[in-house]
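Chain order of the listed sequences is Y and C. The opening residue of the first sequence carries number 1 in my numbering; numbering runs sequentially from there. The opening residue of the second sequence carries number 1001 in my numbering; numbering runs sequentially from there. The beta-carbon is built from N, C-alpha and C at its ideal position, and this holds for glycine as well. The structure displayed is predicted, hence computed values, not measured ones. These notes concern the structure reproduced below.
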Amino acid sequence: MGLTLNSVGKGIFDDKITDGDGMTVLMSGNPNVGKSTLFNCLTGMHQHTGNWTGKTVSLASGKVRYGDKRVTLIDLPGCFSLNSRSEEERVARDCIYFENYDRAVVVCDASCLSRHLYLALQICQVSPNTVICVNLADEAKKHGITVDTDALSKRLKVPCVLTSAKKKSDCKKLISLLEKQSDALEIDYGERIENYISDIYSLVIGTGILRSDARVFALRLLDSDEEFCEKLKSKLSLSDSVYNEAKSFSVSFLDTHYSGSIDLVSDEISDAIIKSANAISSECVTEKKASKKALSFSDRLLIGKFTAFPIMLALLFFILWLTVKGANYPSDMLRAFFNELETLARTGFNNIGVPSLISTPICEGIIRVTGWVVSVMLPPMAIFFPMFTLLEDIGYLPRIAFNLDRCFSCSHACGKQALTMCMGLGCNAAGVVGCRIIDSPRERDIALLTNSFMPCNGRFPMLIAIIGIFFASSGGATAAVLVGVLAMSVAVTLAVSYMLSKTVLRGKPSSFTLELPPFRMPNIGQVITRSIFDRTLFVLGRAVSVAAPTGLLIWLIANINIGNVSILAHATEILDPIGRFIGLDGVILLGFLLGLPANEIVVPVIIMAYTSGSALTDYASLSELKNVFISSGWTAMTAVNFIIFTVFHWPCSTTLLTVKKETSSIKKTAFAFLLPTAVGVILCLISRVIFSLLQ
Amino acid sequence: MLTAMSELRKGEGGIIKSIEHVGNMRRRLIDIGFNVGERVTLLTRAPLGEPSAFYIKGSVIALRRNDASLITVITEEEDGTDPKQRRQGHF
Ligand SMILES: Nc1nc2c(ncn2[C@@H]2O[C@H](COP(=O)(O)OP(=O)(O)OP(=O)(O)O)[C@@H](O)[C@H]2O)c(=O)[nH]1
Ligand SMILES: [Mg+2]
């Protein structure tokens, strides 16, 4: 969760061309084996890692120096196989097949080598110069499993190394292996397919193609789709006539021997790979203890029938409580600090004779709004992000998805949507990108469109403040109300997902698989520093960079008059009827509109608008804030509707841009804007009706 | 005896006999380790009854009931209980 400072997508390989003497190395492997951890260890960068499948969804590159060599490392998303057609594995697969690189490192898990060798063997066949890195050695050792990498290396004729990604020395060992060269591997697919491969090879041999490339080409003609084969054709620069001849040969081979069934032939191909992976692993792996096939004690609690939901709620409550409680004191301090700063700036400006025409907008516009954003946003984020990252690193997130999957299947959605929602809690833009882990396009769209229903870290502090002012006197009560608000978000997400499945995104729930990784001890120090530096400060920086100019803008429009009335008053007057209709008011609506670039500034804009022109300009404490709100006409209903609208309204512009990028569809982006807005308006109207009935 | 993988009891294991899925899901299941001849154990069901967590080739993977029911496994009758009685254990 959170945005990456350095998450880069395509275009990484373009760098390579300018990078003549260096070497490009891919980090590939199954999900959750420590590719990103190794990458970070080697490059000193801070790619996000997390103990669940699908943490990395786009490419990232970094540089390492080894001796006099420059190495460009590229961190790939995990994949299970090179031959799958699923969308989520496409990025990695296309890189391995089509990009130019010098070495491919395949990271495997030492505890279950045979499973991981399946992908490793596939990659060894496609690309020469593969290096196998058997990672998580420390974990395997704990389970009494030892891997003989020398035997492995001899057997596969590629360099192999045993590592624990967190040990610097192990990473060095890996780097030193990159010098070695090796050939592509050949696996015996049995007489029938081998004969077919030879036939194809003799068809294409005239083009000067490598034997290994011809083998891969022949196999993929059998089990891959047209688009992929075409790409392979241009990669291998085969002429149309040669390609067509090979293609029709493969079609007739498929027809005669497998009655045209791709399933049958790809079964046979994977069987051969699996057999050889199993054979190799039984030669190279020794297990001292029998493998454990029972749930661990923690799992019996965390996904147990009676304990799973109480623990989930308790954990959520605990995190929110700690966030609210812990943020209180630093928030007050920061607020006092910014008040002080404002006074200091004012006297300073006075002393050096800056006219108040300039100093007042700076003090009351820029400093005040920025002060609010920093003092209200920073402390909760600095507590929430690390705690959430800890849960992520331990491996709790997939357990949440496991527990909740039934609800999603009833909504005809994918259980992995729970994972994207968790990421949305940190930042909706990150949640939207995370939707790539959902394979079915229909279910991915559902997850993507409903992601902003999860209040992100920019909106949490707003909720905390308003709940604290109006509904709860203690931190515990605030946290309890927040749990309720989150439960409402989840319920609405499920309901809307269901409605989408019945209308515009019609369809049945598709198949899905969810990996439950072993629990892992997170590196607490690293989690804290990383989540504060990479996430909190990054998000805060973005908020402040919006807050300062918006603060100035709002001060200006509040103090520049057209006729006898300020521009602000004109604007709120226009918005007022709409705002009142949904139980809010014009100022609040204006706040949300101006908050499009960053939700963090909504509340300070509202306060600024309420207090402009009145004597009440100081809002050092929450109780004074309450007075501001009440004297501006807020009732309990306004507060409730404000909370509803905070959770359900248009996503911030970053999120919308991300939706646009992920779907490349203006229509879906517009829908992503309108859907939550419509939901918010409807819920606000319902609440307005309920309140009017109560009176 | 032969059963659908979704019908295994908690803690019960079996050897995968066949996979009835077709197309992408078939490939996916094979890719993540549901291979014929491999031993699979049902570890637990989710608190709401679905999905189930299976231990396969050193990892734990959850599948929904529909998906698991299309995989057939051979179980060893160690305890000799009547198959009819077994059904009562779950839903
Ligand atoms: N004990 C131990 N834990 C490790 C090791 N390598 C990685 N981890 C942990 O394993 C988890 C997964 O690591 P990542 O680097 O995010 O895995 P990845 O391969 O990039 O995963 P995806 O991005 O999902 O494909 C993290 O919680 C790491 O801290 C290791 O050698 N030993
Ligand atoms: Mg990663």
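- For the pair of segments examined, the segment 1022-1033 of chain C was found to touch the segment 507-527 of chain Y: the number of CB pairs separated by less than 8 Å reaches three.
- At a cut-off of 9 Å between C-beta atoms, E226 (chain Y) does not count as an interface residue with respect to chain C.
- Under the Cβ distance rule, L1029 (chain C) counts among the residues neighbouring chain Y, one pair being separated by less than 9 Å.
- Exclusion of the five residues before and after A418 (chain Y) leaves I400, A401 and L404 as the residues of its chain whose Cβ lies within less than 6 Å of its Cβ.
- Proximity of the beta carbon of D148 (chain Y) to ligand 1 is not indicated: no heavy atom of the ligand is located closer than 8 Å.
- At least one heavy atom of ligand 2 sits closer than 8 Å to the Cβ of Q47 (chain Y).
- An exposed status is given to I524 (chain Y), since fewer than 16 other beta-carbon atoms sit within 10 Å of its beta-carbon.
- Of the candidates Y:G50, Y:R220, Y:N195 and Y:V285, Y:V285 places its Cα closest to the Cα of L117 (chain Y).
- The alpha-carbon of T256 (chain Y) is positioned some 12 Å away from that of R192 (chain Y).
- In the DSSP assignment, S252 (chain Y) falls outside any beta strand (DSSP E) and within the unbroken alpha helix (DSSP H) covering D240 to Y258.
- Inclusion of W52 (chain Y) in the 8 Å shell around ligand 1 follows from its C-beta lying nearer than that to a non-hydrogen atom of the ligand.
- Looking at the DSSP output, I132 (chain Y) shares a beta bridge with Y:V106 and Y:C160.
- Counting along the chain, R90 (chain Y) sits inside the alpha helix (DSSP H) bounded by residues R90 to F98.
- Of the other Cβ atoms in all chains shown, fewer than 16 fall within 10 Å of the Cβ of A314 (chain Y); this residue is therefore exposed.
- Listed as beta-bridge partners of A1004 (chain C) by DSSP are C:T1072.
- Per the coordinates, the alpha-carbon of F98 (chain Y) lies some 45 Å from the alpha-carbon of A487 (chain Y).
- Within the DSSP secondary-structure output, K63 (chain Y) pairs in a beta bridge with Y:T72.
- For the segment 207-223 of chain Y, the set of positions with a beta-carbon nearer than 9 Å to some beta-carbon of chain C reads D223 in chain order.
- K180 (chain Y) carries a coil assignment under DSSP once its states are collapsed to helix, strand and coil.
- Residue pairing of L657 (chain Y) in beta bridges, as defined by DSSP: absent, with no partner found.
- Annotation: L463 (chain Y) to M377 (chain Y) spans about 11 Å, alpha carbon to alpha carbon.
- Shown here, S224 (chain Y) sits in coil according to DSSP, grouped into three states, outside any helix or strand.
- Identification of residues in the segment 79-109 of chain Y having a C-beta nearer than 9 Å to some C-beta of chain C yields C79, F80, S81, N83, S84, R85, S86, E89 and D109, given in sequence order.
- Taking 9 Å as the cut-off, the Cβ atoms of S81 (chain Y) and Q125 (chain Y) do not count as close.
- Put simply, the backbone Cα of V603 (chain Y) is about 15 Å away from that of L568 (chain Y).
- A Cβ-Cβ contact shorter than 9 Å links P31 (chain Y) with P77 (chain Y).
- For the segment 1002-1018 of chain C, the beta-carbon criterion of a distance under 8 Å to any beta-carbon of chain Y is satisfied by G1011 and G1013.
- Taking 9 Å as the cut-off, the Cβ atoms of R115 (chain Y) and S1018 (chain C) do not count as close.
- Spatial neighbours of T572 (chain Y) in its own chain (CB-CB distance under 6 Å, excluding positions within 5 residues in sequence) are listed in chain order as G586, V587 and L590.
- Here the distance from the Cβ of D225 (chain Y) to the nearest heavy atom of ligand 2 is not below 8 Å.
- The beta-bridge partner set that DSSP reports for V1040 (chain C) consists of C:G1014 and C:I1056.
- Linking L152 (chain Y) to A1004 (chain C) through their CA atoms gives a straight-line distance of about 36 Å.
- L295 (chain Y) belongs to the set of residues whose beta carbon lies under 9 Å from a beta carbon in chain C.
- In the structure shown, T56 (chain Y) adopts coil according to DSSP, grouped into three states.
- A residue is called buried once 16 or more other Cβ atoms fall within 10 Å of its Cβ, and M521 (chain Y), having fewer, is exposed.
- Interface annotation, L121 (chain Y): not in contact with chain C, CB-CB separation never under 9 Å.
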